[in-house]
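Each protein sequence line maps, in turn, to chains F and E.
Once you know that position 27 of the first sequence is 45 in this note's numbering, the rest is easy, because the numbers rise by one and skip nothing.
Once you know that position 539 of the second sequence is 524 in this note's numbering, the rest is easy, because the numbers rise by one and skip nothing.
In this text, a Cβ means the ideal position worked out from N, Cα and C, and glycines have one as well.
Read through the structure below, which is laid out as structure tokens, and then see the notes.
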Amino acid sequence: MAVCIAVIAKENYPLYIRSVPIQNELKFHYTVHTSLDVVEEKISAVGKAMADQRELYLGLLYPTEDYKVYGYVTNSKVKFVIVVDSSNTSLRDNEIRSMFRKLHNSFTDVMCNPFYNPGDTIQSKAFDSMVTAMMVQAS
Amino acid sequence: MEAHEEKPIIYTMENKPIVTCAGDQSLFTSLYTSLAQQLPREPMEWRRSYGRAPKMIHLEANFVQFKEELLPKDGNRALLTFPFLHIYWTDCCDTEMYKASVKDDMLRWQSTLRLHGSVDWLIVVVESEAKKKNKTNILPRTSIVDKIRNDFCNKQSDRCVVLSDPLKESSRSQDSWSSFLTKLRTLLLMSFTKNLGRFEDDMRTLREKRTEPGWSFCDYFMVQEELAFVFEMLQQFEDALVQYDELDALFTQYVLNFGAGDGANWLGSFCAPVKRWNGLLLRRPIDMEKRELIQRGEASLLDLRSYLFSRQCTLLIFLQRPWEVTQRALELLHNCVQELCLLEVSVVQGALDCWVFLSCLEVLHRIEGCCDRAQLEANCSHTVGLWTYATEKLKSLGYLCGLVAEKGPTSEDLNRTVDLLAGLGEERPETVNSLQSPYKKLNEALSSVEAFEKHYLELSHAAMEMYRAIGRMRSARLIGKSLAEFYMKKGDPERAEGFLDDSLRSYVAEGWSLQVTHTRKQMAECQKLLQQTEDYLQTSALLAGDANLTVEERKHFCQEILTFASQPPAPSDQTVALSMAAFAQLRQMQFSPPGAVVHVGAALQLELRVRCLMPVAVKVEQLAATLHFSLEQGGARGRAGSAQRRTGQGPQGQGDGVVLFPQGSPLAGAGMGASLLPALELYEMQDRSPSDSSLNSTGVVCKNMHLLLRRHDSSASLDTPTAGALPAAIAVDDGAQMLRARDITLQPGDNSILFTAPTGEPGSYTLRQLCGSVGRVQFVQSHIYPVVQYEVYSQEPQLTIEPLSDNLLAGIPQKVKFTIATGHYSVKKGDALQLSNTDSMPILHSSCCSATILSSTGERVGESALSIQSSEKVTSISLPPTPPYHTLEFQLEVLCHIPPTPFKPDIERLTNGEVRHRPKSHADRGMINIDQKVSIDCPWSIYSTLISLTFYVPFKAKHSILSAGKRKYIQVCLQNVSDTIFHLADPVLTECQPTIPVELLSLNAKTQQTVCSQQSVFCLWEMRWVERLPLCLQCAFSASFAPVSASDAHTAFKPYRYEFQLDRVSTLYSLKAEILPPSGDQHCRTGTLCGLEVSITRQAEPSETEGEEEESTEIEGLRTTKLMYEVVDNSSNWAVCGKSSGVVSMPVAASATHRVQMEVMPLFAGHLPFPNIKVFKYLPHSAVPAIQPDTDSCLENDTMSLLDKGLDDQGDTASIRSRGSVHSVGSGEQQRVLPMPRLEPFSPGQVFYLSQGRQVLVLPVTDDHVMEVNVT
């Protein structure tokens, strides 16, 4: 499963970011942040006219030696980034897609919460536990 | 394919499908050139098995002489050397010769082919005219061909082709060439299809055996590659690539299965330790070295992958897809690293880095070799990944081999380097002569610290440039940061600083706190090395307050600042100004009093709540906020209103004097605030004209425009230390006023600091800059937002008088409240208010009154008694001493006398020209008001203050005269128009000028009466007189009234007076009407005429005075007056038949009676009231001045005068029916311009109608049928 899951606001600051090996947290932050370059590139590549029909799932943003970084952009330009260990070959595109869908659903629930202030970092327990379920269990 | 022709490809595969030639070799040689040229000229459609799409294909062939060795032996599946077609060439046209030699040769050839199972053959018979001519015994041309066909092609006649005159330029020759070529192509393709199909089937069978124990991937690899080769040979690169991709996928799957525990035996050879890491080799079409290794089953994983990729790369470049090469290369490199790890292959540390580095560069070189510069630049996004990867790998090699360390590599590092270089082996022959080969680069880079630095920087900058070019700024910055780390390691902080700063800015701007912390820590280290004290301290301050760090780290950075602060200042440098934002956050400010508006000299406290971000308690020597002072225009007037508005400023501003400072979320910190724009703060703006406060314009104003329109990159300067901004802000003018707090210890977390605000001068004070001093360090916040300001005002003393109740009532004592706002004036002992007395409104000061002193906030401060002295003209109220900006309140009772004459309401306009708006209800009730002006001399002014009070008269009186025959009564109606309930007592009516004594006899109750609001009291007096009544009677009504609520009823009674005049009171005539039923009947009946008898009786002798009033004429010694009577029935009970009006002459003598008979008809049955009878004075035309009548007036007078004119002397009657004609006669007479008589009503009381209210019984007609009476 994923080693790092991040939700990034339209303005590119992190709304939520969690990674499994705590000691590597900084590295994941760097990775996710850098991946925004590719996300932006992919969004702008679609073009304005086609933006409505754009698929939310952006696919593999870029591979690194150790990790694969996948991206997803909601219609409100909130970005989801999932980082997967490269050695984890059992994850196919479809699984990644479904992870993003789950993430999106849960994120929508967070946004629907009347006590949540859009733009604030996400502190929802439900969201957190959903993310935990998608992460590699820390060993 | 055209593209290929344009660009010569060095690596093209030399192989072509083999076609053997047997028979006449010299004949073939003569035709070879044109054959080789013409064969590929036209494409041929290749239909393929397994549903693959048909393809157009240009065929080429390698024609070789037929040898038996060329034919494949059983089991040899080599396709590259496989002869796809065998051709027998002959130009024999001689039967003899054919029979003699050619046939035998052909038979031999055929049998050889058959022996090897080859069925793909063709016999070409070349005919030429030249040859024919030489022969004399020419057989028909076809005979030879027919013979051959007969002999060899028993069923396949198409296996024999005739080529006629191939070397001549004739149409026949052309035709035969083209048909031959078509045949050749078709047969070739048929052979391909058949042989490849068979091959593929074999290959599949082999693949299906892969689970069997003896199966080897390498063997299979060779087989499938053979197929790929053939496709490549046929220039079907796409198909060739598919073969390699299948092999790739198959291998990958095996590796994955191995990782999952399902290992295959043959994989063992790939698990051998990696001994050579000399990178990819992409410069040859086929790397035969590696291929042989694979063939022998000795290839390592890297060898296999390298070979496979080099083949894929070659094909992709043939396909003009160089960018796919780069993408696949990156995947391959990542994948190989993963696979080696998965297969647990032991690799020397750094070896893979070498391999990856070399491979990256090799791929890039290969791509550069086949693309021009513009193409490369346009496709940076495809190559940049490889550049970055190479950079990373070189970096890690550098760290591994000790090339980055400041001291240079140790001997251990050197050993490692030697090992790594050994694994590279010899440089390949292809690149030996190239100066920039990857091999040379790596060798050089690892050889010395300087060379490493050169290469590393070169790569890094190249990668950075590319990232910048394609807009991937974050990636570029990441490389920049790793460069900075490199420079720091090399002990070169100057160069590191720029990169760190750039990265830090972007992280701050986008709010990535972990990166910010990490980079800032590096920055701090860098700045410390550079001895940029101020910047270092600023960064330390930020780090000390950074929640991402451990407490120890934070304490360390905090201590750095404190240590610096406590150092004695060097004479050269000044204090160091740091941004307050790093040190503490403002939470809220609270004014006390909350209005934040105070008078001059008043105490105003400001509580500032600050969240200190430092990890330890910090002692601040002084915390000061500079104040911006501005003189407020408009002075003290109207201050209260504007002050209310001001304190509520800002989105966080609350009415209770609290200003909340906006807080960014603690997690995202300052970065989020910078990236999110502040919300628009919009306010309604109204521009009123100063003269009459009418609205000139209105609009919406944005108050924080300066924040919204600020340039974006400059917003980051709040957090990053910039040398320029702060010192300018700290230039504090010492003379300026400031809020100051000394020696405070700020604990970590929230702190509360109390300031006392200066209130020396009136005006508006705005907090501008906050500065905390710790030793040599000052923390400065250059502006405070939202705006915090307070106001100090100075006010002129003011006196107001206002009623306690809604309305002041005239006539009874009323309480009014005096309010003195002392303003800046302090009321001293002996100060007094001088009220000039007026008669109409005395001031009652019998009750002891006391004054209340209130502070400016409305608190009750004290109370003291007032002493009031009253002299003839002036009432003096001595005021108790009151400090400035206090309010003095006391109440006084005043009484406004009701003027006796009925009062006309004033034009309600006061002296200052303002229209007083009265409650509407008063106007409705018709209350009469009295404006009473009070002139007051105040001790603080030389001018008198004029104050107007409005009193309302609580009663409204009406009088009327009532008669009964000669007797006269006066009725006064008194209505209470106020809201108060009154007692009314002692109503008295007196005659004012009793010239002729008249006795007024009261018929009223003696007791008090209660008059509720809106109720009326009626009082009645009978007039008695002795001789005669006076013509005019002046009366005065008076009564006492007191409010019901008044405690002391007797003293509270106040007089009310109403004066009026009565004229012509005495009764002159009495009227009596009688309705007589028709004769012989006892009662009137509906529909029958009844007699109406009106008798007018003179009651009184005419007095002399009255004579003037009455128009009398003397006829034959008898004084008569003319009266006009009229019977009017408004309720349509009666129909007046015949005349209804007439003029009578009445003798002016008592008891003179005139009777008039008329006929009326009742229209209804029942008790019917009598019809009205009216009497007027009739003034004949001679008495009035001749008026020229005009049509209008004649119409106006229609009902009265005009009508009667025609009757003037005749005394005639005019029925209602005849009115119209009379009218016309009248109008005709009008032409004669006659003066008109007129009517004058009697004043009330002069005519007494005896039959008023009388009724007569009318019976219905006895017949029941409906009676219709039509009176027109």
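- For GLN544(E), there is no enclosing beta strand (DSSP E); the residue is part of the alpha helix (DSSP H) that begins and ends at 536 to 551.
- Contact between the stretch 333 to 349 of chain E and the stretch 425 to 435 of chain E is present: three or more C-beta pairs spanning the two stretches fall below 8 Å.
- Exclusion of the five residues before and after LEU667(E) leaves VAL685, VAL686, CYS687, LYS688 as the residues of its chain whose Cβ lies within less than 8 Å of its Cβ.
- Shown here, PRO478(E) sits in a helix according to DSSP, grouped into three states.
- Residues of chain F whose Cβ lies closer than 7 Å to the Cβ of LEU463(E) are, in chain order, TYR48, THR52.
- For GLN323(E), the neighbours in chain F by C-beta distance under 7 Å run, in chain order, SER104, SER105.
- Leaving aside the five residues that flank LEU794(E) on each side, the residues in its chain whose CB is nearer than 7 Å to its CB run, in chain order, PHE936, TYR937, PRO939, SER963, THR965.
- At a cut-off of 8 Å, the C-beta of HIS101(E) has no neighbouring C-beta in chain F.
- In this chain, the beta strand (DSSP E) harbouring PHE740(E) covers 734 to 742.
- Taking the CA atoms as reference points, ILE769(E) sits about 31 Å from GLN516(E).
- For the stretch 292 to 322 of chain E, the residues whose beta carbon sits under 9 Å from a beta carbon of chain F are, in order, LEU315, GLU316, LEU318, HIS319, ASN320, VAL322.
- Annotation: TYR778(E) is outside any alpha helix (DSSP H); the continuous beta strand (DSSP E) that includes it extends over 774 to 778.
- When only Cα atoms are considered, GLU211(E) and PHE202(E) end up about 14 Å apart.
- Put simply, the CB of ASP127(F) is far from chain E, with every gap to its CB atoms at 8 Å or more.
- At a beta-carbon threshold of 8 Å, none of the residues of chain E lie near ASN42(F); the nearest stands roughly 11 Å away.
- The CB of SER460(E) comes closer than 7 Å to the CB of THR52, ASP55 in chain F, given here in chain order.
- Assigned with DSSP and collapsed to three states, ASP247(E) falls in coil, not helix or strand.
- Positions of the alpha helix (DSSP H) runs, each at least 4 residues long and wholly inside the stretch 791 to 822 of chain E, cannot be given because no such run exists.
- Against HIS503(E), the close residues of chain F are LEU44, in the order they occur along the chain (beta-carbon pairs closer than 7 Å).
- Among the CB atoms of chain E, one or more fall inside 8 Å of the CB of TYR80(F).
- Looking at the DSSP output, GLU669(E) shares a beta bridge with VAL685(E).
- The Cβ of PRO136(F) sits no closer than 8 Å to any Cβ of chain E.
- With a threshold of 8 Å between beta carbons, GLN648(E) makes no contact with chain F.
- Of the candidates GLN607(E), ASN1118(E), HIS1139(E), LYS1159(E), ASN1118(E) places its Cα closest to the Cα of ALA1150(E).
- Only those residues of the stretch 259 to 270 of chain E whose C-beta falls short of 9 Å from the nearest C-beta of chain F would be listed, and there are none.
- If you compare the alpha carbons of SER176(E), ILE279(E), LEU612(E) with that of GLU776(E), the shortest gap goes to LEU612(E).
- For GLU83(F), the residues of chain E that pass the 7 Å Cβ criterion are HIS319, VAL322, in the order they occur in the chain.
- Taking every protein chain shown into account, the CB of GLY734(E) has fewer than 16 other CB atoms within 10 angstroms, so this residue is exposed.
- Between GLY757(E) and VAL605(E), the C-beta spacing is below 8 Å.
- Taking the Cα positions, LEU829(E) is about 15 Å away from ILE786(E).
- Taking a 10 Å sphere around the C-beta of PHE165(E), we find 16 or more other C-beta atoms and assign the residue as buried.
- Of all C-beta pairs linking the stretch 293 to 308 of chain E to the stretch 245 to 263 of chain E, fewer than three are shorter than 8 Å, placing the two stretches out of contact.
- Of the other Cβ atoms in all chains shown, fewer than 16 fall within 10 Å of the Cβ of CYS977(E); this residue is therefore exposed.
- Bridge pairing for ALA1120(E): MET1146(E) [DSSP].
- Assignment of LEU1077(E) by DSSP, reduced to helix, strand and coil, places it in the strand class.
- For TYR472(E), the closest of MET508(E), CYS834(E), GLN783(E) by C-alpha to C-alpha distance is MET508(E).
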